[in-house]
Amino acid sequence: MSRKLFLLLALLALVAGAGAQAQENTPRPLTFFMTFVPNVQFAPVYAALENGDFAAAGLDITVEHGFDEALGVERIALNELQFGLISGEQIIRARAQQRPVVYVYAWFQQYPVGIVTALESGIASINDLRGRRVGIPVTSGASYSGLTAILAANNLTLNDIQLETIGFNAPEVLCIGGVDAAVIYTNNEPLQIQLRAEQGDCGDISGVRVFPVSEFGNLVSNGIVTNEETIANDPELVRAFVGAFDSGLRAVIDNPAQAFLWSAQYVEGLLTDDALRAALENEAAAQTAFLATAPDSAAVADSRLALRERLAQEFDNAALLQFDVLLESILLWQADQPGYSDAASWEAMQNTLLALIDPATGSPILPQAIDLSQAFSNEFLPEAAEGA
Amino acid sequence: MRISAPYDLKNQTPRPRSVQKMWRRDALRRAAPLLTLLLVLAVWQLVTLLQIYPALIIPAPLTVLEKFIEVVSDGRLWPHLQATLVAVLAALAFGSFAGLVLGYLIAKSPLLENLLSPLIIAFQATPIVAYAPLLVIWFGSGPESKIVTATLIVFFPMLMNTIVGIRSVPPGLRDVMRALRASRWQMFAKLEVPAAMPLLIGGLKMSATLAVIGAVVGEFIAARAGLGYLINAARTAFDTPLVIVAVLTLTALALTLYSLVGLLARYALAWQRRAQRGQ
Amino acid sequence: MRLALRNLSVVYPAPAGASFPPLPALGPLSFGLAAGAFVCVVGPSGCGKSTLVRVLGGLQTPTQGQALLDGQVISAPSRRIGLMFQDTNLMPWRTVLDNVALPLELAGISRDERYKTVHAVLPGLGLADFALAYPGELSGGMAQRAALGRVLVQKPAVLLLDEPFGALDAMTREQVSLDLLRVWAQAGQTVLMVTHSIPEAVLLADRILVLSRRPGKLAADIRVPLPRPRTLEDMYNEVFNACARAVRAAIEGA
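Protein sequence lines, in the order shown, are assigned to chains A, B and C.
In terms of the numbering used here, the first sequence is residues 1 to 388.
In terms of the numbering used here, the second sequence is residues 1 to 279.
In terms of the numbering used here, the third sequence is residues 1 to 254.
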């Protein structure tokens with residue numbers, strides 16, 4: 001054997017060895033599907049990325065946003081993707097068509113949909129909606145289910161109101177009096193409308209009243225979804241993934257100022273005010289020190305309120321709008337054990353869907369009930385709920 | 001169905017050697033589209049039989065047929081077909097008319113062409129899907145927005161073909177008309193329109209298929225009815241057979257329109273076929 | 001009807017910004033044609049023969065001088081002047097019947113009447129069986145005869161022909177030429193015909209005008225002393241040859 005060839009082989013062996021070693025240490029690449037566009041509401045994901053929770057779990061996560069939730073579900077069902085943030089409603093409909101998708105972490109503990117109306121509208125209860133014009137973004141998905149559920153809980157049906165499709169324009173349409181009430185996400189549009197009302201930019205409306213669907217019976221909402229194949233072949237991966245997301249979510253709940261700063265690295269235009277950035281950086285550092293004293297969850301919740309009050313002394317509501325969206329969202333996520341799926345919320349969603357007719361196809365949205373116990377699982381949640 | 005260039009006046013078809021051969025070739029040509037269809041169905045069936053993809057993702061042809069019968073008999077398909085058809089026909093009417101009128105004016109007025117060409121080129125170069133969401137915001141999610149979307153997409157080929165068609169009128173024929181002291185109207189009705197007809201019909205052929213695309217683009221973005229809307233609704237319901245039924249209905253709609261324009265061409269351009277045969 | 005040119009010239013202006021000067025195409029040119037005369041115009045290519053036909057037909061205005069029809073200045077096309085070009089200019093979407101009927105149709109004559117007129121003309125042109133054929137289905141000679149028919153139904157007093165048989169083969173060309181002679185003998189129009197062919201000119205014309213190189217001026221005005229009616233036999237006699245030789249000499253000297 002010539003020396004050259006020997007050298008070459010040695011080199012190859014070295015490279016191969018290095019490759020094998022790298023494989024062991026290199027985090028596993030994974031694509032995480034979520035809908036819409038980067039947004040402060042995805043703060044738990046950004047926190048888990050920035051805080052190194054995914055990396056610590058050996059995962060190299062690429063976030064992929066897509067408008068098409070159904071397509072995301074289809075790809076997860078085919079195991080082309082392993083994880084996504086998907087609504088429970090889609091999971092029920094997908095499983096009704098034999099898609100092997102499973103919901104493993106209830107990100108939203110409260111159903112985020114509600115009905116907003118002006119203080120002046122004379123609508124003081126859901127029953128007052130009878131005969132009134134109610135705007136809805138589209139006649140499908142979470143808004144449609146939420147509306148149906150809240151009406152049904154008050155012995156009303158869609159026929160008792162005047163439903164109008166208005167796209168995602170509830171603030172504009174409500175302010176010009178185009179509708180009397182609108183189906184919205186409680187952590188977002190009410191804040192926008194309230195702000196416009198305060199600025200005198202919302203017609204005669206002085207403020208808003210919100211009826212959250214969850215007050216009348218909670219429904220399952222968005223959470224982490226994977227597929228049966230991944231659960232069967234690699235349950236540890238699911239556990240690791242869910243654990244990392246859970247850490248991110250807890251970090252957001254504990255230190256929203258820090259979470260907002262992290263989110264600003266992913267969401268363009270989220271934080272353009274240097275004074276606010278400086279203030280949040282101070283708050284984040286102070287909160288880290290406070291958390292080191294191992295406060296209980298009530299104390300942490302109080303710390304968020306105090307933070308909001310301190311910020312209010314320096315910044316107006318317009319400057320804090322996106323931060324308020326985050327604080328409102330935290331209220332929808334927090335629980336004694338975040339991520340836990342309540343079987344009752346799945347039952348409620350399934351019952352809602354069973355009663356619904358898809359206006360597009362004229363057929364029932366859910367032709368028959370599915371076995372809900374297969375649709376979700378709590379077994380991948382982190383075992384000890386620390387500090388709770 | 002034959003795909004033909006709009007202007008094949010000089011196209012010569014090769015002469016077959018014998019009548020028998022000609023007959024055989026003719027029969028083959030006539031059966032060819034059917035053979036393709038059968039081949040596609042066979043491959044489709046094979047893919048589902050071998051389960052190359054899960055049946056959920058690619059349902060068998062028979063499953064799709066069952067779904068088709070189901071949605072036809074319970075009347076679920078018709079309102080969507082109707083909504084799309086109305087939008088397509090309205091867009092064809094508006095878009096073609098506007099394209100004809102503006103195309104004629106531009107062909108006649110170089111100044112108008114200079115004024116409008118930057119706008120026209122910019123509009124035509126921009127993919128309609130890029131600005132269709134804006135149209136939905138401006139015109140709402142009712143039928144108007146998709147009619148506007150489809151009208152815009154129909155308008156440009158008609159406009160361009162009209163301009164080229166009117167400009168391609170042979171100058172010798174213009175001389176003949178002028179020498180006979182033809183009036184402006186006679187020049188238009190007896191020379192320019194028939195001379196441009198092959199290109200006008202070519203534009204209409206293109207427009208007919210584009211109108212379907214335009215309507216579906218509009219329905220994909222926001223709508224309350226239509227086959228494009230049905231496709232999205234069926235996808236959200238994970239009803240893949242219904243998705244395929246809706247897609248194939250769209251195909252049938254587009255092919256029908258294309259064939260109708262083809263029939264119109266047979267009638268209006270009978271001279272072309274006769275001339276080709278005679279040569 | 002009488003045709004006359006009075007000091008007529010055509011100059012094509014140089015395009016705006018071009019470095020070359022305006023292009024003189026024709027003239028100055030003066031001559032007169034008696035009513036019922038058959039005159040051929042020959043000359044080297046590019047001598048402005050086609051321009052002359054377009055000016056006489058009212059399709060183009062002269063730069064200087066005038067063209068006159070019975071003493072009236074020609075400023076626009078007239079239905080009394082029939083024009084025919086090398087290209088038949090038949091409309092491919094019209095049948096022979098409708099192509100030939102075009103002048104009548106444009107003049108607002110009813111469908112029945114114009115079809116009657118055309119059906120009367122077609123047999124003389126050998127097109128009786130082709131009334132419903134489209135131009136694309138015709139041979140070159142038939143198409144040119146259809147074009148001739150279209151001019152004839154117009155019943156013009158003057159025929160302006162610009163190399164009407166230029167695209168035809170020699171045999172067809174002679175046939176159609178004789179058809180033309182027969183028609184002319186019956187109706188007695190004033191004919192001005194541009195041609196490239198010296199024998200054709202001698203066979204058809206009473207008088208041959210030879211134009212010089214660009215800008216085309218009158219180089220020679222040659223009488224053809226052959227008796228009428230003429231036949232193809234005339235092409236083989238001495239007078240014919242002498243006349244053809246004289247025309248050729250005039251062209252070469254032009």
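Yeah, the Cβ is synthetic: ideal placement off N, Cα and C, and Gly gets one too.
Notebook entry, point to check: Taking Cβ positions, are Pro-28/C and Ser-9/C nearer each other than 7 Å?
Noted result: For the purposes of this step, residue 28/C is taken as residue 28 along the third sequence, with counting starting at 1. For the purposes of this step, residue 9/C is taken as residue 9 along the third sequence, with counting starting at 1. Contact flag set, yes.
Buried or exposed (CB count within 10 angstroms, at least 16 for buried), Arg-2/B = One-based indexing of the second sequence puts residue 2/B at position 2. Residue placement at Arg-2/B is flagged as unreliable, the pLDDT there being 44, under the threshold of 50; the coordinate-derived value follows with that caveat. Its Cβ having fewer than 16 others within 10 Å, Arg-2/B is exposed.
### Task
Give the residues from the region 40 to 61 of chain B that approach chain A closer than 8 Å (Cβ to any Cβ), ordered along the chain.
Under the 8 Å Cβ criterion, the region 40 to 61 of chain B contributes Pro-54, Leu-56 and Ile-57.
At 4 residues or longer, what runs of the alpha helix (DSSP H) sit wholly inside the region 289 to 331 of chain A? Contiguous alpha helix (DSSP H) elements confined to the region 289 to 331 of chain A occur at 297 to 314, taking only those with 4 or more residues.
Review point. What residues from chain E crowd round Ala-222/B, counting only those whose CB sits closer than 9 Å?
Key: Reference to chain E is not applicable here, since the protein chains of this structure are A, B and C.
Sequence-distant residues of the same chain with beta carbon closer than 8 Å to Leu-326/A, five excluded per side: As a position in the first sequence, residue 326/A is number 326, starting the count at 1. Closer than 8 Å at the Cβ level, and outside the excluded window around Leu-326/A, lie Val-40, Gln-41, Ala-43, Val-252, Pro-256, Ala-259, Phe-260 and Ser-263.
Exercise. For Ala-47/A, which residues from the same chain have a beta carbon less than 6 Å from its beta carbon, with the 5 sequence-adjacent residues on both sides left out?
Worked result: On the first sequence, position 47 is the one that residue 47/A refers to. Here the set comprises Gly-248, Ala-251, Val-252, Ala-259 and Trp-262.
ask   = Under a three-way DSSP split, which group does Glu-379/A fall into?
value = Looking up residue 379/A in the first sequence gives position 379. Under the three-state reduction of DSSP output, Glu-379/A falls in the coil class, being neither helix nor strand.
query = Just to confirm, are Met-1/C and Leu-52/C a CB contact at a threshold of 7 Å?
reply = For the purposes of this step, residue 1/C is taken as the residue at position 1 of the third sequence. For the purposes of this step, residue 52/C is taken as the residue at position 52 of the third sequence. It is not a contact, given that the beta carbons lie outside the stated cut-off.
Query raised in the report: Name the residues in the region 59 to 90 of chain A whose C-beta lies less than 9 Å from a C-beta of chain B; which are they?
Result: Going along the region 59 to 90 of chain A in chain order, one finds Asp-68, Glu-69, Ala-70, Leu-71, Val-73, Glu-74, Ala-77, Leu-78 and Gln-90 with a Cβ nearer than 9 Å to chain B.
Could you tell me whether the Cβ atoms of Glu-283/A and Leu-321/A are closer together than 7 Å?
-> Counted from its first residue, the first sequence places residue 283/A at position 283. Counted from its first residue, the first sequence places residue 321/A at position 321. No.
May I ask which residues mark the beginning and end of the alpha helix (DSSP H) holding Asp-179/C? Sequence index remark: in the third sequence, residue 179/C carries index 179 (1-based). Counting along the chain, the alpha helix (DSSP H) containing Asp-179/C begins and ends at 170 to 187.
task = Would you check if the region 25 to 36 of chain A and the region 175 to 184 of chain A touch, i.e. whether three or more CB-CB distances between them fall below 8 Å?
result = Touching, no.
Taking C-beta pairs closer than 8 Å, name the residues in chain A that Ala-130/B reaches, listed in chain order. Numbered from its first residue, the second sequence carries residue 130/B at position 130. Per Cβ cutoff of 8 Å: no residues; Ala-130/B is ~15 Å from chain A at best.
When you check each C-beta in the region 168 to 188 of chain B against every C-beta of chain C, which residues fall closer than 7 Å?
Here the close residues are Gly-172, Leu-173, Asp-175, Val-176, Arg-178, Ala-179, Leu-180, Arg-181, Ala-182 and Gln-186.
Query raised in the report: Would you say Trp-93/C and Pro-194/B are within 7 Å of each other, going by their C-beta atoms?
Result: As a working mapping, residue 93/C is identified with position 93 in the third sequence. As a working mapping, residue 194/B is identified with position 194 in the second sequence. Cβ atoms of Trp-93/C and Pro-194/B: closer than 7 Å.
Check your understanding: To which residues of the same chain is Ile-166/A closer than 6 Å at the C-beta, ignoring the five residues directly before and after it?
Key -> As a first step, residue 166/A must be located in the first sequence, where it is residue number 166. Exclusion of the five residues before and after Ile-166/A leaves Gly-135 and Val-173 as the residues of its chain whose Cβ lies within less than 6 Å of its Cβ.
Should Pro-194/B be flagged as near chain C, meaning a C-beta pair shorter than 7 Å? Taking the first residue of the second sequence as position 1, residue 194/B is located at position 194. Chain C, which has a Cβ nearer than 7 Å to the Cβ of Pro-194/B, makes this yes.
Worksheet item: So which residues of chain B does Asp-70/C contact, with C-beta pairs closer than 8 Å?
Response: Here residue 70/C refers to the residue found at position 70 when the third sequence is read from its first residue. Result: empty, since nearest Cβ-Cβ is about 18 Å, beyond 8 Å.
request  = Report the rounded CA-to-CA distance for Ala-348/A versus Val-220/A, giving the unit in angstroms.
outcome  = One-based indexing of the first sequence puts residue 348/A at position 348. One-based indexing of the first sequence puts residue 220/A at position 220. Distance between the alpha carbons of Ala-348/A and Val-220/A is about 8 Å.
Please list the partners that Asp-26/B has in chain A, where partner means a Cβ-to-Cβ separation under 8 Å.
What you label residue 26/B is simply residue 26 of the second sequence in a count that begins at 1. The contact set of Asp-26/B on chain A, defined by CB atoms closer than 8 Å, is empty, because the minimum CB distance reaches about 44 Å.
Using a Cβ-Cβ cut-off of 8 Å (strictly less than) and excluding sequence neighbours within five positions of Pro-241/B, which residues of its own chain qualify? Here residue 241/B corresponds to residue number 241 of the second sequence, with the count starting at 1. Pro-59, Thr-63, Val-64, Glu-66 and Lys-67.
Using a Cβ cut-off of 7 Å (strictly closer), state whether Gly-362/A contacts chain B. Taking the first residue of the first sequence as position 1, residue 362/A is located at position 362. Taking Cβ atoms only, chain B reaches closer than 7 Å to Gly-362/A, which makes this a yes.
Can you find a CB in chain A that lies within less than 7 Å of the CB of Thr-126/B? Translated into the one-based positions of the second sequence, residue 126/B becomes position 126. Not flagged as an interface residue toward chain A: Thr-126/B, since no C-beta distance is shorter than 7 Å.
Exercise for review: Assuming Pro-103/C contacts Val-153/C (C-beta within less than 8 Å), just tell me the rounded distance between them.
Suggested key: Here residue 103/C corresponds to residue number 103 of the third sequence, with the count starting at 1. Here residue 153/C corresponds to residue number 153 of the third sequence, with the count starting at 1. Sure, about 6 Å apart at Cβ, within 8 Å.
>> Taking the straight line between their C-alpha atoms, what separation do you get for Ile-222/C and Cys-40/C?
In response: The residue you call residue 222/C lines up with position 222 of the third sequence. The residue you call residue 40/C lines up with position 40 of the third sequence. Answer to the nearest angstrom: the Cα atoms are 10 Å apart.
Residues within the region 73 to 89 of chain C neighbouring chain B, beta-carbon criterion of under 7 Å: Cβ contacts with chain B: Pro-77, Arg-79, Leu-83, Phe-85, Asp-87 and Asn-89.
Chain B contact for Gln-391/A (CB, 7 Å cutoff): Only positions 1 to 388 of chain A appear in the structure, and residue 391/A is not among them; the question remains open.
Along the region 233 to 256 of chain B, what residues have a CB closer than 9 Å to any CB found in chain A?
Cβ contacts with chain A come from Ala-233, Ala-234, Arg-235, Thr-236, Ala-237, Phe-238, Asp-239, Thr-240 and Leu-242.
I think Arg-196/A touches Leu-119/A, with their Cβ atoms under 8 Å apart; what is that distance to the nearest whole Å? Looking up residue 196/A in the first sequence gives position 196. Looking up residue 119/A in the first sequence gives position 119. Between the beta-carbon of Arg-196/A and that of Leu-119/A there is about 13 Å, and that puts the pair past the 8 Å contact cut.
Check your understanding: Do Ala-150/B and Ala-98/B come within 7 Å of each other at the CB atom, strictly closer than that value?
Key -> Within the second sequence, residue 98/B is the residue found at index 98, counting from 1. Within the second sequence, residue 150/B is the residue found at index 150, counting from 1. No, Cβ-Cβ distance for Ala-98/B and Ala-150/B is not below 7 Å.
TODO: List the endpoints of the continuous alpha helix (DSSP H) containing Tyr-185/A.
DONE: Counting from one through the first sequence, the residue named residue 185/A turns up at place 185. Premise fails: Tyr-185/A lies in the beta strand (DSSP E), 181 to 185, not in any alpha helix (DSSP H).
Please check if any C-beta of chain A sits within less than 7 Å of the C-beta of Arg-76/B. Numbered from its first residue, the second sequence carries residue 76/B at position 76. When Cβ-Cβ separations below 7 Å define contact, Arg-76/B makes contact with chain A.
- Query: Do we get a CB-CB distance below 7 Å when we pair Arg-133/A with the residues of chain B?
  - Reply: In the first sequence, counting from the first residue as 1, residue 133/A sits at position 133. Taking Cβ atoms only, chain B never reaches closer than 7 Å to Arg-133/A, which makes this a no.
Chain B contacts from the region 199 to 214 of chain C (Cβ-Cβ distance under 9 Å):
Cβ contacts with chain B come from no residue of the region 199 to 214 of chain C.
What is the DSSP secondary structure of Phe-38/C, reduced to helix, strand or coil?
Here residue 38/C refers to the residue found at position 38 of the third sequence. Residue state, collapsed to three classes: strand.
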